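In what follows, a structure is listed as structure tokens, so that the remarks can point back to it.
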Amino acid sequence: LSSHFPAGAPRVLTLANQKGGVGKTTTAINLGTALAAIGESVLIVDLDPQGNASTGLGIDHRARRLSTYDVLVGEATLAETIHETAVPRLHLAPSTMDLLGVELEIASERDRAFRLRDAVRALHEGATADRRYTYVLVDCPPSLNLLTINAMTAANAIVVPLQCEFFALEGLSQLLKTVEQVRGSLNPNLSIHGVVLTMFDPRNNLSGQVVADVRQFMGDKVYDTMIPRNVRVSEAPSHGKPVLLYDLKCNGSQAYLRLASEVIQRERTLRAA
Ligand code: ADP
Ligand code: MG
Numbered sequence: 010l011s012s013h014f015p016a017g018a019p020r021v022l023t024l025a026n027q028k029g030g031v032g033k034t035t036t037a038i039n040l041g042t043a044l045a046a047i048g049e050s051v052l053i054v055d056l057d058p059q060g061n062a063s064t065g066l067g068i069d070h071r072a073r074r075l076s077t078y079d080v081l082v083g084e085a086t087l088a089e090t091i092h093e094t095a096v097p098r099l100h101l102a103p104s105t106m107d108l109l110g111v112e113l114e115i116a117s118e119r120d121r122a123f124r125l126r127d128a129v130r131a132l133h134e135g136a137t138a139d140r141r142y143t144y145v146l147v148d149c150p151p152s153l154n155l156l157t158i159n160a161m162t163a164a165n166a167i168v169v170p171l172q173c174e175f176f177a178l179e180g181l182s183q184l185l186k187t188v189e190q191v192r193g194s195l196n197p198n199l200s201i202h203g204v205v206l207t208m209f210d211p212r213n214n215l216s217g218q219v220v221a222d223v224r225q226f227m228g229d230k231v232y233d234t235m236i237p238r239n240v241r242v243s244e245a246p247s248h249g250k251p252v253l254l255y256d257l258k259c260n261g262s263q264a265y266l267r268l269a270s271e272v273i274q275r276e277r278t279l280r281a282a
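Quick note, the sequence shown lines up with residues 10 to 282 if you use the working numbering.
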């Protein structure tokens, strides 16, 4: 399959939810892998000081000589931080713990909320063929701090992973409010791309109830594809691999492939609109 954005700028999708453990990083890695598997060129930007996306894609701490920290403080270009991964067409800009200090370091800079946006623009403008991406996926920390604001300011749209658990909707209105605020001030074109339900367990009645509630609240923003709770998905990062490389046939891998098709389908609809 050829890309549907041949000459344009990359589509920047930010994975955000201020709750930890809901599947942001897992979705960044595996949606990214699935998009690459069907022909897109994908850059994952790790904006979480924990660096789980970097580790999960097999990029060793010692190899992270330059990271998204250096980009945000203006000491490196995004292009200089990029690593290839075991997945063809999937690249990564890694993070380090240094990101914990970035908020204070750039707090008084006028462009502090635009650092990532400008870095992605510069990457695109200076891009050589092997650094031309159709999708940039930004993995956020579990908070609504300046890192997440940078990720929202850089984005075309937000993908919200929601775990199928009792408190799934708690905090969602705060997240949506933040998206509204960013749209109202920093990034007028920002939209919600979709809500992806993660760790769905069909044997658990509560999971079904949560799905019904979220669909009622968010309507057709919720992707049809739900990511099942699947042990292979949780094992893969410790092997430094996306689950699609670790076990392509498992339910988790197949769900992420369907999600990728759905994301592309939504992009086509958005572009036609
Ligand atoms: P976040 O980035 O939002 O903090 P993670 O993606 O790191 O969340 O996921 C939290 C934990 O849940 C991780 O240990 C991850 O391996 C596990 N996990 C995520 N998705 C699934 C899934 N579909 N099935 C089983 N475990 C999952
Ligand atoms: Mg994470």
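Even for Gly, the Cβ is constructed at its ideal location relative to N, Cα and C.
Please read all numbers here as calculations on a predicted model, not as lab measurements.
- [ ] Report the three-state DSSP secondary structure of residue 123 (helix, strand or coil).
- [x] Looking up residue 123 in the sequence shown gives position 114. The answer is coil: DSSP assigns residue 123 none of H, G, I, E or B.
Task: Nonlocal neighbours in the same chain, by C-beta distance under 7 Å from residue 6, ignoring five residues either side - done: Outside the shown range of the chain, which is 10 to 282, sits residue 6, and nothing can be said about it.
Task: Reduced DSSP category for residue 108 - H, G, I as helix; E, B as strand; rest coil - done: Taking the sequence shown and counting its residues from 1, one reaches residue 108 at position 99. Three-state DSSP puts residue 108 in a helix.
Open item on the list: Going by DSSP, what residue range makes up the beta strand (DSSP E) through residue 200?
Closed with: Within the sequence shown, numbered from 1, the residue matching residue 200 stands at position 191. According to the DSSP assignment, residue 200 belongs to the beta strand (DSSP E) that extends over 200 to 207.
Task: For residue 264 and residue 248, the rounded distance between their alpha carbons - done: By one-based count along the sequence shown, residue 248 stands at place 239. By one-based count along the sequence shown, residue 264 stands at place 255. Their backbone Cα atoms lie some 20 Å apart in a straight line.
Open item on the list: Does the structure place the region 224 to 234 close enough to the region 191 to 210 that three or more beta carbon pairs sit under 8 Å?
Closed with: yes
Task: Collapsed DSSP secondary structure at residue 85 in the structure displayed - done: As a first step, residue 85 must be located in the sequence shown, where it is residue number 76. Three-state DSSP puts residue 85 in coil, outside helix and strand.
TODO: Rounded to whole angstroms, what's the CA-CA distance from residue 193 to residue 112? Just pull it up for me.
DONE: Position 184 of the sequence shown, counted from the start, is the residue given in the question as residue 193. Position 103 of the sequence shown, counted from the start, is the residue given in the question as residue 112. Distance between the alpha carbons of residue 193 and residue 112 is about 22 Å.
Task: Minimum C-alpha distance to residue 89 - residue among 40, 30, 81 and 76 - done: In the sequence shown, the residue the question calls residue 89 occupies position 80. Cα-wise, what sits closest to residue 89 is 76.
Open item on the list: What would DSSP say about residue 151, mapped onto helix, strand or coil?
Closed with: On the sequence shown, position 142 is the one that residue 151 refers to. Reduced to three states, the DSSP call for residue 151 is coil.
Task: Spatial distance of residue 11 from residue 49 (CA atoms) - done: Locating residue 11 in the sequence shown gives position 2, counting from the first residue. Locating residue 49 in the sequence shown gives position 40, counting from the first residue. Unreliable placement is indicated for residue 11, whose pLDDT of 36 sits below 50; the coordinate value is still reported in the next sentence. The alpha-carbon atoms of residue 11 and residue 49 are separated by roughly 7 Å.
- [ ] Output the residues surrounding the ligand ADP, defined as those with a CB atom closer than 5 Å to any ligand heavy atom, in chain order.
- [x] 29, 30, 31, 32, 33, 34, 35, 208, 236, 238, 239, 242 and 243
Open item on the list: Which of the three DSSP states is assigned to residue 264 in this structure?
Closed with: For the purposes of this step, residue 264 is taken as the residue at position 255 of the sequence shown. Helix at residue 264.
- [ ] Specify the secondary structure class of residue 51 as computed by DSSP and reduced to three states.
- [x] Counting from one through the sequence shown, the residue named residue 51 turns up at place 42. Looking at residue 51 - three-state DSSP - the assignment turns out to be strand.
Task: Beta-ladder partner(s) of residue 144, from DSSP - done: Sequence index remark: in the sequence shown, residue 144 carries index 135 (1-based). The partner list for residue 144 (beta bridge, DSSP) reads 20 and 51.
Task: Residue from 143, 135, 182 and 137 whose Cα sits closest to the Cα of residue 51 - done: The residue given as residue 51 occupies position 42 in the sequence shown. Closest by alpha carbon: 143.
Open item on the list: Let me check one thing: in DSSP terms, what residues is residue 172 bridge-paired to?
Closed with: By one-based count along the sequence shown, residue 172 stands at place 163. Residue 172 is bridged to 207.
Open item on the list: Between residue 62 and the ligand MG, is there a pair consisting of the residue's CB and a ligand heavy atom that are separated by less than 8 Å?
Closed with: Walking along the sequence shown from the start, residue 62 turns up at place 53. Yes, since a heavy atom of the ligand MG falls inside the 8 Å radius drawn around the Cβ of residue 62.
Task: The alpha helix (DSSP H) enclosing residue 185, as first and last residue numbers - done: Taking the first residue of the sequence shown as position 1, residue 185 is located at position 176. 181 to 194 is the span of the alpha helix (DSSP H), which, as asked, contains residue 185.
Open item on the list: Tell me the residue span of the alpha helix (DSSP H) that contains residue 102.
Closed with: Reading the sequence shown from its first residue, position 93 is the one you call residue 102. Premise fails: residue 102 lies in the beta strand (DSSP E), 99 to 102, not in any alpha helix (DSSP H).
Task: Endpoints, alpha helix (DSSP H) assigned at residue 38 - done: The residue given as residue 38 occupies position 29 in the sequence shown. Looking at the DSSP string, the run of the alpha helix (DSSP H) that includes residue 38 is 33 to 46.
TODO: Indicate whether residue 253 and residue 39 have their beta-carbon atoms separated by less than 9 Å.
DONE: Here residue 253 refers to the residue found at position 244 of the sequence shown. Here residue 39 refers to the residue found at position 30 of the sequence shown. Against a cut-off of 9 Å, the Cβ pair of residue 39 and residue 253 comes out as a contact.
- [ ] Tell me whether residue 150 counts as near the ligand MG, meaning its Cβ is closer than 8 Å to at least one heavy atom of that ligand.
- [x] Sequence index remark: in the sequence shown, residue 150 carries index 141 (1-based). Yes.
Task: Contact belief for residue 276 with residue 20 at Cβ below 8 Å, rounded distance in angstroms - done: Here residue 276 corresponds to residue number 267 of the sequence shown, with the count starting at 1. Here residue 20 corresponds to residue number 11 of the sequence shown, with the count starting at 1. Indeed, because the Cβ distance is near 6 Å, the residues count as touching under 8 Å.
Task: Span separating the alpha-carbon of residue 126 from that of residue 233 - done: Here residue 126 refers to the residue found at position 117 of the sequence shown. Here residue 233 refers to the residue found at position 224 of the sequence shown. When rounded, the distance between both Cα atoms is 30 Å.
TODO: Please state whether DSSP places residue 58 in a helix, a strand or coil.
DONE: Working through the sequence shown from its first residue, we reach residue 58 at position 49. The answer is coil: DSSP assigns residue 58 none of H, G, I, E or B.
Open item on the list: Taking 9 Å as the threshold (C-beta atoms), are residue 87 and residue 159 in contact?
Closed with: If you number the sequence shown from 1, residue 159 lands on position 150. If you number the sequence shown from 1, residue 87 lands on position 78. For residue 159 and residue 87, no; Cβs fall outside 9 Å.
- [ ] Verify the contact flag: residue 57, CB atom, against every heavy atom of the ligand MG, threshold strictly below 8 Å.
- [x] Within the sequence shown, the letter at position 48 stands for residue 57. Yes - the ligand MG has a heavy atom lying nearer than 8 Å to the Cβ of residue 57.
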